[in-house]
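This report refers to the structure that appears directly beneath it.
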Amino acid sequence: MNAYRKEAFTGWLFILPALIGFGLLTVIPILFSLVISFTDWNFMEGLKGIRFSGFHNYTEMWSDHWFTDSLKNNLVFAVTTVPLIMIFSLLTAVGLNQGVFFKTPLRMIIFMPYVSSVVAVSLVWALLYSPSQGPINQVLRDIGIEHPPGWLSDPKWALTAIIIMSVWAAIGYNMVIYLAGLQAIPKDLYEASSIDGAGKVRQFFSVTIPLLSPTTFFVLITCIIHSFQVFAAIFMMTQGGPGTSTSVLTFYIYQSGFSFYKMGYASAMAWILTLIIFLVTIVQWIGQKRWVNY
Amino acid sequence: MTWLKNNGLKLFITVLLAAVAATMLLPFLWMLSTSLKKQIDVFHNPMIWIPAQMQWNNYKEIWLGSHPFGLYYFNSIKVTVFSVIGAVIISSCTAYGFARFEFKGKNFVFLIFLATMMVPDQVTLIPRFILFNYLGIYNSHWALILPGIFTAIGIFLLRQTYLTIPGDFSEAAKMEGANHFQIWTRIFIPLSKPALVSLIILSFTWNWNEFVNPLVFITSKKLFTVPLGLTNFVDDSGTNYPQMMAAAVSSILPVIAVFLFGQRWFIQGVASSGVKG
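Heads up: the protein sequence lines correspond to chains A and B, in order. Residue 1 is where the first sequence starts when you use the numbering used here, and the numbers rise one by one after that. Residue 1 is where the second sequence starts when you use the numbering used here, and the numbers rise one by one after that.
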């Protein structure tokens with residue numbers, strides 16, 4: 001008993017620094033943010049400016065069109081980027097795994113956008129998207145599209161422009177995760193199925209896809225979470241504009257808190273965002289039993 | 001002809017993937033090329049890929065002129081180095097605690113750590129902002145280093161590796177009178193070198209590229225990190241695009257270098273954080 005206690009104590013000692021760090025920097029702030037979300041607080045007035053306002057922030061946001069538009073954009077962003085990223089990264093991973101010339105350099109180049117800062121990448125894409133003479137529209141005109149979109153300056157196209165860039169940036173990272181999943185599939189399963197007369201396409205759907213399902217599940221969850229956390233690209237490229245066309249929750253929360261100093265309101269929206277991410281993850285977790293084979 | 005027959009599929013896939021790779025590479029090449037152009041040539045039609053006269057002045061202006069990127073670089077290096085060292089130490093000892101001990105509440109604490117990854121930065125920003133003000137580290141590099149040190153992914157990554165180290169090793173060391181601190185530093189750390197290198201490289205990249213924390217917690221220009229320095233170019237009417245691209249190139253150069261140098265570990269790190277599921 002005494003030995004067990006001593007072990008337990010030593011164990012706690014090893015995780016203590018992280019416990020303090022995460023407690024102070026993450027857990028307590030999360031709880032504190034919940035408290036602030038029930039207040040009306042302009043932080044310029046200092047801590048004594050806090051007034052409790054009940055659920056006011058939580059009811060008010062639904063008639064704030066910046067909030068509702070941001071939420072809508074978030075959903076559009078998730079529903080478009082997640083499948084695109086998953087399909088492209090799976091296909092590139094399968095291609096690389098199948099055997100190609102120059103495997104290492106190809107993998108490296110496709111992975112490159114992930115290591116580069118979103119801030120720098122956004123600056124480049126903003127120029128590539130220039131409506132009048134930007135490289136992308138120059139190419140589009142060259143191939144015969146007379147009136148290419150105005151991209152970031154056009155409310156109808158701005159979100160699409162950011163979606164394209166985000167998919168571009170995320171393929172490499174998820175491809176590497178898929179590659180690891182592919183390499184974990186035993187080779188003899190392919191041999192067995194080819195003896196049974198299955199072709200490459202058939203093998204892909206009856207061996208690769210089912211055995212890859214745990215990886216697919218992981219990629220799906222992380223892609224959804226990341227899609228709701230998109231911020232730097234919006235901040236650098238459009239600041240949510242034109243109008244509200246590219247505003248997302250993370251951006252509007254940042255603005256409400258640090259440009260308008262509405263700390264209570266910003267915290268309430270942040271909690272709604274957390275709740276959405278949490279719910280989506282739970283639903284996926286429950287749903288996985290139907291299609292994930294471990 | 002037989003070569004083509006045997007390698008036809010391989011060649012075909014290579015061509016397809018080369019097209020994907022070109023899509024990934026072209027924006028970077030355009031950035032590099034534009035950083036050496038004159039302002040009037042940026043949107044020249046047809047596109048100029050290799051400027052007739054390389055405008056190295058753009059870099060000089062970024063580093064030594066109106067935008068003090070030399071200083072931003074110094075700040076980024078400082079913040080990144082301290083964050084990485086801290087993250088490696090904390091992740092490693094926490095991972096050891098999780099992997100080698102059984103105690104009540106362990107799984108619960110681990111679950112909490114796991115859950116913190118789901119929470120978006122925006123939830124903790126405001127309370128952290130208040131906390132840092134209270135601690136007197138708002139608008140100082142500590143406000144960036146502290147959050148950089150505590151990384152849940154780092155803990156998972158090393159815990160994964162530590163779980164694969166056979167129990168016999170530590171049992172044998174215990175027999176010879178080694179305590180846990182010695183087992184951790186003399187057996188687990190040396191045996192997990194590849195995972196440690198992965199963590200160092202990944203955490204270098206994350207910290208170098210970190211944007212939200214500096215944006216909120218740093219206000220003095222002299223404390224700006226490189227990504228924050230890049231915001232100088234947003235909404236700046238009459239922006240000098242070549243200089244902006246020179247700054248962008250400067251900002252990604254260190255991570256690209258580290259990536260080229262250590263891509264094996266980099267990819268291993270990403271892969272093993274994902275395989276866990």
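Backbone N, C-alpha and C fix where the C-beta goes; we use that ideal spot for every residue, glycine too. Keep in mind the model is a prediction, meaning the values are calculated, not measured.
> So, are the CB atoms of A:Q133 and B:F233 less than 8 angstroms apart?
Replying inline: For the purposes of this step, residue 133 of chain A is identified with residue 133 of the first sequence, where counting begins at 1. For the purposes of this step, residue 233 of chain B is identified with residue 233 of the second sequence, where counting begins at 1. Note that the C-beta distance between A:Q133 and B:F233 is not below 8 angstroms.
> When DSSP labels each residue in this structure, what does B:N179 get in the three-state scheme?
Replying inline: To locate residue 179 of chain B, count along the second sequence from 1; it is residue 179. Three-state result, B:N179: coil.
> Which residues, in order along the segment 55 to 71 of chain A, keep a beta-carbon less than 7 angstroms from a beta-carbon of chain B?
Replying inline: For chain B, none of the residues of the segment 55 to 71 of chain A brings a beta carbon within less than 7 angstroms of one of its beta carbons.
> Can you list, in chain order, the residues of its chain whose CB lies under 7 angstroms from that of A:S267, leaving out five sequence neighbours each side?
Replying inline: Taking the first sequence and counting its residues from 1, the one referred to as residue 267 of chain A is at position 267. By the criterion of a C-beta distance shorter than 7 angstroms, A:S267 is surrounded in its chain by S33, I36 and S37, once the five residues flanking it on both sides are discounted.
> Is A:S193 near A:S213, with beta carbons less than 8 angstroms apart?
Replying inline: Within the first sequence, numbered from 1, the residue matching residue 193 of chain A stands at position 193. Within the first sequence, numbered from 1, the residue matching residue 213 of chain A stands at position 213. No. Outside cutoff.
>> Against chain A, which members of the segment 26 to 58 of chain B pass a CB distance test of less than 9 angstroms?
In response: For the segment 26 to 58 of chain B, which is checked against every Cβ of chain A, the residues closer than 9 angstroms are L26, P27, F28, W30, M31, T34, V42, F43, H44, N45, P46 and M47.
> I think A:A93 touches A:M175, with their Cβ atoms under 8 angstroms apart; what is that distance to the nearest whole Å?
Replying inline: In the first sequence, counting from the first residue as 1, residue 93 of chain A sits at position 93. In the first sequence, counting from the first residue as 1, residue 175 of chain A sits at position 175. In this structure A:A93 touches A:M175 by the C-beta definition: roughly 5 angstroms separates them, less than 8 angstroms.
> If you count every other CB in all the chains shown that lies within 10 Å of the CB of B:I29, and 16 or more means buried, which is it?
Replying inline: Numbered from its first residue, the second sequence carries residue 29 of chain B at position 29. The displayed chain sequence assigns Leu, not Ile, to residue 29 of chain B. By the neighbour-count definition (other C-beta atoms within 10 Å, threshold 16), B:L29 is an exposed residue.
>> Distance cutoff 8 angstroms, beta carbons only. Does B:M118 sit that close to anything in chain A?
In response: If you number the second sequence from 1, residue 118 of chain B lands on position 118. With respect to chain A, the C-beta atom of B:M118 has a partner C-beta closer than 8 angstroms.
> Beta-carbon separation of A:L159 and A:T246 under 8 angstroms?
Replying inline: As a working note, residue 159 of chain A is residue 159 in the first sequence. As a working note, residue 246 of chain A is residue 246 in the first sequence. Yes. Within cutoff.
>> Less than 8 angstroms between CB atoms is the rule here; does B:V275 satisfy it with respect to chain A?
In response: As a position in the second sequence, residue 275 of chain B is number 275, starting the count at 1. In this predicted model, B:V275 has a pLDDT of only 49, less than 50, meaning its place in the structure is not dependable enough to derive any value.
> Do the segment 245 to 263 of chain A and the segment 93 to 106 of chain A touch if we need at least three Cβ pairs shorter than 8 angstroms?
Replying inline: Segments in contact, no.
> How should B:T80 be labelled, buried or exposed, when 16 other C-beta atoms within 10 angstroms of its C-beta is the threshold for buried?
Replying inline: Here residue 80 of chain B corresponds to residue number 80 of the second sequence, with the count starting at 1. Here B:T80 is buried. Its C-beta has 16 or more other C-beta atoms within 10 Å.
>> If we define contact as Cβ-Cβ less than 8 angstroms, is A:M44 a contact residue for chain B?
In response: The count along the first sequence starts at 1 and reaches residue 44 of chain A at position 44. So no, A:M44 is outside the interface.
> Which of helix, strand or coil does DSSP assign to B:K38?
Replying inline: Counting from one through the second sequence, the residue named residue 38 of chain B turns up at place 38. B:K38 falls in the coil class under three-state DSSP.
> Any beta-carbon of chain B closer than 8 angstroms to the one on A:T26?
Replying inline: The sequence position of residue 26 of chain A within the first sequence is 26, counting from 1. Yes - at least one Cβ of chain B is within 8 angstroms of the one on A:T26.
> A:Q284 touches chain B at which residues, Cβ-Cβ below 7 angstroms?
Replying inline: In the first sequence, counting from the first residue as 1, residue 284 of chain A sits at position 284. A:Q284 does not reach chain B, its nearest Cβ partner there being about 12 angstroms away, counting only Cβ pairs nearer than 7 angstroms.
> My guess is that B:R159 and B:A95 are in contact by the Cβ rule of under 8 angstroms, so how many angstroms apart are they, rounded?
Replying inline: Taking the second sequence and counting its residues from 1, the one referred to as residue 159 of chain B is at position 159. Taking the second sequence and counting its residues from 1, the one referred to as residue 95 of chain B is at position 95. About 4 angstroms separates the CB atoms of B:R159 and B:A95; that is less than 8 angstroms, so the two are in contact.
> Which residues in the same chain have their Cβ closer than 8 angstroms to the Cβ of B:L196, if we skip the five residues on either side of it in sequence?
Replying inline: Taking the second sequence and counting its residues from 1, the one referred to as residue 196 of chain B is at position 196. Excluding residues within five positions, the ones whose Cβ falls inside 8 angstroms are V88, S92, L158 and I189.
>> Any beta carbon from chain A within less than 8 angstroms of B:H67's own beta carbon?
In response: Taking the second sequence and counting its residues from 1, the one referred to as residue 67 of chain B is at position 67. Output row for B:H67: interface = no.
> So, A:I224 versus A:V280, is the Cβ gap smaller than 8 angstroms?
Replying inline: Position 224 of the first sequence holds residue 224 of chain A. Position 280 of the first sequence holds residue 280 of chain A. Against a cut-off of 8 angstroms, the Cβ pair of A:V280 and A:I224 comes out as a contact.
> If you draw a straight line from the C-alpha of B:V275 to the C-alpha of A:P186, how long is it?
Replying inline: As a working mapping, residue 275 of chain B is identified with position 275 in the second sequence. As a working mapping, residue 186 of chain A is identified with position 186 in the first sequence. Residue placement at B:V275 cannot be trusted, given a pLDDT of 49 that sits under 50; what the coordinates show is reported in the next sentence. Using only the alpha carbons, I get a separation of about 15 angstroms.
>> Buried or exposed, going by whether 16 or more other CB atoms sit within 10 Å of the CB of A:F55?
In response: As a working mapping, residue 55 of chain A is identified with position 55 in the first sequence. The residue is exposed, with fewer than 16 neighbouring Cβ atoms inside 10 Å.
>> Against chain A, does B:Q278 count as a neighbour if the rule is that its beta carbon must be under 8 angstroms from one of theirs?
In response: For residue 278 of chain B there is no data in the structure shown, the boundaries of chain B being 1 and 277.
> DSSP state of A:T39, grouped into three classes?
Replying inline: Residue mapping note: residue 39 of chain A aligns to position 39 of the first sequence, counting from 1. It is a strand residue.
>> What does the Cβ neighbour count give for A:P135, buried or exposed, with the cut at 16 atoms within 10 Å?
In response: In the first sequence, the residue the question calls residue 135 of chain A occupies position 135. Looking at its Cβ environment, which holds 16 or more other Cβ atoms inside 10 Å, A:P135 is buried.
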